[in-house]
Amino acid sequence: MNTDNRFAIPPEEAEKQKEYTRLASALIDARFTGKPLAYVHTYGCQGNVADGERLKGTLEEIGYGFTDDLEKADLVLYNTCAIREHAEDRVFGNVGALKNLKQRKKEMRILLCGCMMQQPRVTQKIRKSYSFVDIIFGTHVMHRLPEFIYKSLSSGKKICDISGEEGVIPEDMPVHRDSDFKAWLPIMYGCNNFCSYCIVPYVKGRERSRDPQLIIKEAKELVAAGYKEITLLGQNVNSYGKAPDYGYNFPRLLRELNDIEGDFIIRFMTSHPKDCTHELLDTMAECDKVAKHLHLPFQSGCDRVLKEMNRGYTAEKYLSLLEYAYKVMPDLSVTADVIVGFPGETYEEFLQTVDLVKKAGFTSMFTFIFSSREGTKASKMPDPIPAEEKSKWFRELLDAQEEVAAQRTASSAGKTYRVLCEGVSKGGLIEGRTEGNIIIEFPADEAVIGSFRYVTVTESLTWILRGRMVDNK
Ligand code: SAH
Ligand code: SF4
Ligand code: F3S
Numbered sequence: 023m024n025t026d027n028r029f030a031i032p033p034e035e036a037e038k039q040k041e042y043t044r045l046a047s048a049l050i051d052a053r054f055t056g057k058p059l060a061y062v063h064t065y066g067c068q069g070n071v072a073d074g075e076r077l078k079g080t081l082e083e084i085g086y087g088f089t090d091d092l093e094k095a096d097l098v099l100y101n102t103c104a105i106r107e108h109a110e111d112r113v114f115g116n117v118g119a120l121k122n123l124k125q126r127k128k129e130m131r132i133l134l135c136g137c138m139m140q141q142p143r144v145t146q147k148i149r150k151s152y153s154f155v156d157i158i159f160g161t162h163v164m165h166r167l168p169e170f171i172y173k174s175l176s177s178g179k180k181i182c183d184i185s186g187e188e189g190v191i192p193e194d195m196p197v198h199r200d201s202d203f204k205a206w207l208p209i210m211y212g213c214n215n216f217c218s219y220c221i222v223p224y225v226k227g228r229e230r231s232r233d234p235q236l237i238i239k240e241a242k243e244l245v246a247a248g249y250k251e252i253t254l255l256g257q258n259v260n261s262y263g264k265a266p267d268y269g270y271n272f273p274r275l276l277r278e279l280n281d282i283e284g285d286f287i288i289r290f291m292t293s294h295p296k297d298c299t300h301e302l303l304d305t306m307a308e309c310d311k312v313a314k315h316l317h318l319p320f321q322s323g324c325d326r327v328l329k330e331m332n333r334g335y336t337a338e339k340y341l342s343l344l345e346y347a348y349k350v351m352p353d354l355s356v357t358a359d360v361i362v363g364f365p366g367e368t369y370e371e372f373l374q375t376v377d378l379v380k381k382a383g384f385t386s387m388f389t390f391i392f393s394s395r396e397g398t399k400a401s402k403m404p405d406p407i408p409a410e411e412k413s414k415w416f417r418e419l420l421d422a423q424e425e426v427a428a429q430r431t432a433s434s435a436g437k438t439y440r441v442l443c444e445g446v447s448k449g450g451l452i453e454g455r456t457e458g459n460i461i462i463e464f465p466a467d468e469a470v471i472g473s474f475r476y477v478t479v480t481e482s483l484t485w486i487l488r489g490r491m492v493d494n495k
């Protein structure tokens, strides 16, 4: 059982950070007349967004309010992503744009954290070319934000701390949630899979799971506070509970969360096909609160490429998993991620990906062109296909998926779904999501936002649905 506490933050460290919170609070009380304002932006995946909500919670506890206006900010925090080059380019561009602001507002603090900062190549570049940045911190020390803020405010010195490799489980950080009806609930951190193209294991550390009792407690609190949707997060939720070992696997955790009383739905992501078991699919089918939606990235439809990617399954195994999943959940909606132009991939191999897409029946798919990440195995593989050619393949794949998606949405005509109303669409309609994670728009009063309603589909566009609200199913 749980004897492995190498990921826990020692109590004396947590206590120290509480003391820094008090010191930083006192300092800003003395320095600012009103509440100082923080501008916080998170890039990347939902896991990063969940981290961002913890960083915001910490800032709030110190005494910061929040603003969406950079001009009004006393503190700017960018929580960054390193997954593809494009993600990094955006961050460099946005940080560069802060230079003028910092010149005008010398007391403003600029903080950079997250996955991109965990790479020494990046921090060196920032210290050299963006020397106006005040604080850089990595993914393994985010719980030390109070210390960094206090030290920066009191001494004015630059701080750069990207220490740690294994990673911590940041329990007990305060959380400032962005929504009051949809919540992110991290159940694990890090990744051990080392897919050959992926930077995540290098920047987020080893796979580590949160204590199930703490997850269940947090979920109960969320439901009591009126949250309607809880999304469990991890890079590979199917391997939940391996380290530390609490005697729980993911299906058991799902079942216990499903037993919590209340009107809410449970989502989770991401599932890895190599660890996706029939037990999990049966559990999804049995649990009434678990949304019948599976995000199951396949990355490629070619076995040679999958092997080079170190994914641990074949196209056939993937499709047979889907077959079982659709058998036990006929209404299941499956979404996926796929990479086009992995080093050495040929056009014929790419066509096997197109073939898989035509067979799989995804409701939607996130398609990425391979981006070389320094330090990964794939970055050292020969990559002879020109970018232009890869873009052509990319469009070909999108076209194939568009056809599949249009067929799927068309098959929804006349059906009635329970929908969580989320906001107002660009066209002024209410926008919500079905259990299968398909967006549906319909006319209704804004008062419905944050509640479940029944909506009958009247029109199906390629990616989204339109409908009208009805009393019940
Ligand atoms: N843990 C999840 C995904 C994490 S990253 C999983 O294993 O499925 C989200 C997606 O980004 C991946 O599924 C992959 O499709 C894509 N991705 C990751 N690294 C990439 C790279 N170097 N180039 C292009 N796409 C990448
Ligand atoms: Fe990256 Fe693979 Fe881990 Fe997903 S499972 S985060 S793609 S290494
Ligand atoms: Fe990006 Fe880090 Fe997530 S690299 S995708 S923010 S784990």
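Residue numbering for the sequence shown follows my numbering, starting at 23 and increasing by one per position.
Using N, Cα and C, we set each Cβ at its ideal position, and we do this for glycine too.
In this structure, K226 has its CB closer than 7 Å to one or more heavy atoms of the ligand F3S.
For T385, there is no enclosing alpha helix (DSSP H), as DSSP marks it with neither H nor E. Under the 8 Å Cβ criterion, the segment 201 to 218 does not count as touching the segment 44 to 62, having fewer than three qualifying pairs. The beta-carbon distance between R76 and V197, rounded to whole angstroms, is 6 Å. This is short enough to meet the 8 Å contact definition.
When only Cα atoms are considered, I461 and V470 end up about 16 Å apart. Here K121 has F154 as same chain residues with Cβ atoms under 7 Å from its own Cβ, once five neighbours each way along the sequence are excluded. For F392, there is no enclosing beta strand (DSSP E), since its DSSP letter is neither H nor E. Burial check for G69: the Cβ neighbour count within 10 Å reaches 16 or more, so the residue is buried. Within the same chain, and ignoring the five residues on either side of E41 in sequence, no residue has its Cβ closer than 6 Å to its Cβ. Taking a C-beta distance under 8 Å as the contact criterion, L99 and C135 qualify as a contact pair. If you ignore the 5 residues before and after T305, its C-beta comes within less than 7 Å of the C-beta of P273, L276 and R277, all in its own chain and listed in chain order. Distances from the CB of C103 to the heavy atoms of the ligand F3S include at least one below 7 Å. For W485, no alpha helix (DSSP H) run applies, since DSSP gives it neither H nor E. Taken through DSSP and simplified to helix, strand or coil, T375 comes out as helix. In the three-state DSSP reduction, Y340 falls in the helix class (H, G or I). Assignment of M130 by DSSP, reduced to helix, strand and coil, places it in the coil class.
Note that the C-beta distance between R230 and A265 is below 8 Å. When secondary structure is reduced to three states using DSSP, A95 falls in the coil class, being assigned neither helix nor strand. Beyond the five residues adjoining it in sequence on each side, N271 comes within less than 6 Å, by CB distance, of G263 in the same chain, given in chain order. For R166, there is no enclosing alpha helix (DSSP H), as DSSP marks it with neither H nor E. In this structure, P208 sits away from A36, with a CB-CB distance that is not shorter than 8 Å. Between the alpha carbons of Q429 and D493 lies a distance of about 27 Å. For W206, the closest alpha carbon among the candidates I287, Q235, S151 and I184 is that of I287.
Around the beta carbon of H317, a 10 Å sphere encloses 16 or more other beta carbons of the protein chains shown; the residue is thus reported as buried.
Set against 7 Å, the gap from the CB of I221 to the closest heavy atom of the ligand F3S is smaller.
Put simply, of D96, A247 and D325 the residue whose alpha carbon is nearest the alpha carbon of E283 is A247. No heavy atom of the ligand F3S is found nearer than 7 Å to the CB of C217.
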